[in-house]
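Residue numbers (the working numbering): 1271 to 1787. Glycine residues also receive a C-beta, built at the ideal position from the N, C-alpha and C atoms. Quantities reported herein were computed from a predicted structural model and do not represent experimental measurements. Remarks on the structure that follows.
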Ligand code: BG6
């Protein structure tokens, strides 16, 4: 990442910016970041390397420090060593000794028993001392990189210790999915959070929202005048939302086998993509307005039928197969997965949004592990032309226009259209207009999330009602599917294919087809 300009302060707001290759990034105010679960997987793989990269690229203020909190006894030097290994492991070539030394002077470690209020009193004292030393003026972020079953304990103990109070600066709490495993547990967690923190202090993150191309959905829809008039039931036949992965369950068997694909991918990432595609234009591009419109979409989703659920939902689990020419085992043979597991690793949904704009337009959603390719995209399939004046001269039918928003890989947008092929006869061919981002992203997902949280911008975070509304849709479905699971025929797709054959039928019976993976 190259500087093109030095830091520049805005005289009116007092905010300092730094210009990166393609955008100006606001430098946050001084802060203290407390990472609970600092020696765990999430902190080591994502969080701390992202923070280091921000520091290395000059995107953090001069005054900040980080306290790692975990259960084990550890000296500060050992903690720094752990973080250094993690950063080098995650960033390889992006590590340099000078910026690491500067960064490491800001790292501290506190041992804590998450359930003991005494630990939080000690933590508070440590924060207050270090705030004086680093001149950080009281802004605090508490990042819960701990297993979700202790979110409630940590959040309420922070409250009891007075650490959620915003006295001299802000106090933000960040939690990751899963936010509950059904409506009841999500509501309970939200209640516990709200006892200690205001909604404006709570950052529920969904890393899909930080992806450049996911943010582009709103820009594309609302900064261009030519698509919006067509963005409705009159011109759109259907929409497909796909997030397919080639990876299997990896090292997360314990979590995944309890969650399954609906909790892991649909309740959050796929529903967020659905909301951004279907929502009405917000009054302004501001967190509350955008989140209001997203919640309205969730409220308009037609509840899944409890009878004949197979008409709109197909589940799958991978068996053994091959990915990129390499043989891979089936889900039930993965380390830590029970050999009779009925957890779904694939799902396809047909969803209707019962509102004025979308009445009768199906949204087909699918996501799964160990599929033919890694791909996340939204494709908007327009209706065919109303009258085929070329009939009789052309064989076959004209392929309707399709707009494809590629979230990953090959980030960008394509429009499929028809054009005359050269020659004298009336002859049409399918062509594609393409836009590719030149570079993936200047800022990584976690870097953006950290910056937004420091700047107090909740646009990329999910609000309480958004979480609860999606669970309200999915909880009854999960219950229904749970009781039907004993009849299933898993595994029903081989690793490396595009999913179970029933998923093809789900869309084919409507006279449509999935885009190829
Ligand atoms: C996570 C899921 O939220 O998203 C994982 O828990 C999944 O199971 C991952 O692999 C996919 O994210 P990405 O950014 O690699 O598409």
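query: Assess, as a yes-or-no matter, whether the stretch 1462 to 1477 is touched by the stretch 1439 to 1451 under the definition of 3 or more beta carbon pairs within less than 8 Å.; result: yes
query: Between which two residues does the beta strand (DSSP E) containing residue 1620 stretch?; result: 1616 to 1622
query: Measuring alpha carbon to alpha carbon, tell me which of 1431, 1376, 1415 and 1401 ends up nearest residue 1388.; result: 1431
query: Which residues bound the alpha helix (DSSP H) around residue 1352?; result: 1346 to 1361
query: Which value, in whole angstroms, describes the spacing of the CA atoms of residue 1339 and residue 1400?; result: 15 Å
query: Would DSSP call residue 1478 helix, strand or coil?; result: helix
query: Look at the Cβ atom of residue 1380, then the Cβ atom of residue 1307, and state whether they are nearer than 9 Å.; result: no
query: Out of 1402, 1617 and 1675, point me to the one whose CA is closest to residue 1702's CA.; result: 1675
query: My assumption, with CB atoms under 8 Å, is that residue 1746 sits in contact with residue 1574. Please give the rounded CB distance.; result: 7 Å
query: With respect to the alpha helix (DSSP H) encompassing residue 1559, which residues constitute its N-terminal and C-terminal limits?; result: 1557 to 1570
query: Please report the straight-line C-alpha distance between residue 1305 and residue 1361, rounded to a whole angstrom.; result: 20 Å
query: Excluding the five sequence neighbours on either side, which residues of its own chain have a C-beta within less than 7 Å of the C-beta of residue 1316, listed in chain order?; result: 1716
query: Go through its chain and collect everything with a Cβ distance to residue 1718's Cβ below 6 Å, but skip five positions before and after it.; result: 1480
query: Rounded to whole angstroms, what's the CA-CA distance from residue 1271 to residue 1707? Just pull it up for me.; result: Per-residue confidence for residue 1271 stands at a pLDDT of 46, beneath the threshold of 50, marking its modelled position as unreliable; no derived number is given.
query: What's the gap between the Cα of residue 1280 and the Cα of residue 1738?; result: 39 Å
query: Count the other CB atoms, across all protein chains shown, that sit within 10 Å of the CB of residue 1450; report buried if there are 16 or more and exposed otherwise.; result: buried
query: Please report how far the alpha carbon of residue 1343 lies from the alpha carbon of residue 1393, in whole angstroms.; result: 15 Å
query: Can you say whether residue 1535 is buried or exposed, counting buried as having 16 or more other CB atoms within 10 angstroms of its CB?; result: buried
query: Report the rounded CA-to-CA distance for residue 1751 versus residue 1660, giving the unit in angstroms.; result: 47 Å
query: Please classify residue 1581: is it buried, with 16 or more other beta-carbons within 10 angstroms of its beta-carbon, or exposed?; result: exposed
query: With respect to the beta strand (DSSP E) encompassing residue 1650, which residues constitute its N-terminal and C-terminal limits?; result: 1645 to 1652
query: Where DSSP assigns a beta bridge to residue 1296, which residues make up the other side?; result: 1287
query: Which partner residues does residue 1323 have in the DSSP bridge list?; result: BP columns for residue 1323 are empty, so no partner.
query: Answer with buried or exposed for residue 1425, where buried requires no fewer than 16 other C-beta atoms within 10 angstroms of its C-beta.; result: buried
query: Helix, strand or coil for residue 1393? Go by DSSP, reduced to three states.; result: helix
query: If you drop the 5 nearest sequence neighbours on each side, which residues of the same chain put their C-beta closer than 6 Å to that of residue 1769?; result: 1586, 1616, 1638 and 1763
query: So the alpha helix (DSSP H) residue 1525 belongs to, where does it begin and stop?; result: 1523 to 1531
query: Would the stretch 1480 to 1497 count as touching the stretch 1603 to 1615 if we require 3 or more Cβ pairs under 8 Å?; result: no
query: Run the CB neighbour count on residue 1294, radius 10 Å, all protein chains shown included, and call it buried at 16 or more, exposed below.; result: exposed
query: Any idea what DSSP makes of residue 1404, helix, strand or coil?; result: helix
query: Let me make sure I understand the geometry here. Which of 1384, 1395, 1354 and 1692 has the alpha-carbon closest to that of residue 1375?; result: 1354
query: Relative to the alpha-carbon of residue 1323, which residue among 1335, 1366 and 1332 has its alpha-carbon at the smallest distance?; result: 1366
query: Could you tell me whether the stretch 1502 to 1516 touches the stretch 1552 to 1566, using the rule of 3 or more Cβ pairs below 8 Å?; result: no
query: Is residue 1328 helix, strand or coil by DSSP?; result: coil
query: Would you report the Cα separation of residue 1433 and residue 1385, rounded to the nearest angstrom?; result: 15 Å
query: Do residue 1405 and residue 1299 have their C-beta atoms within less than 9 Å of each other?; result: no
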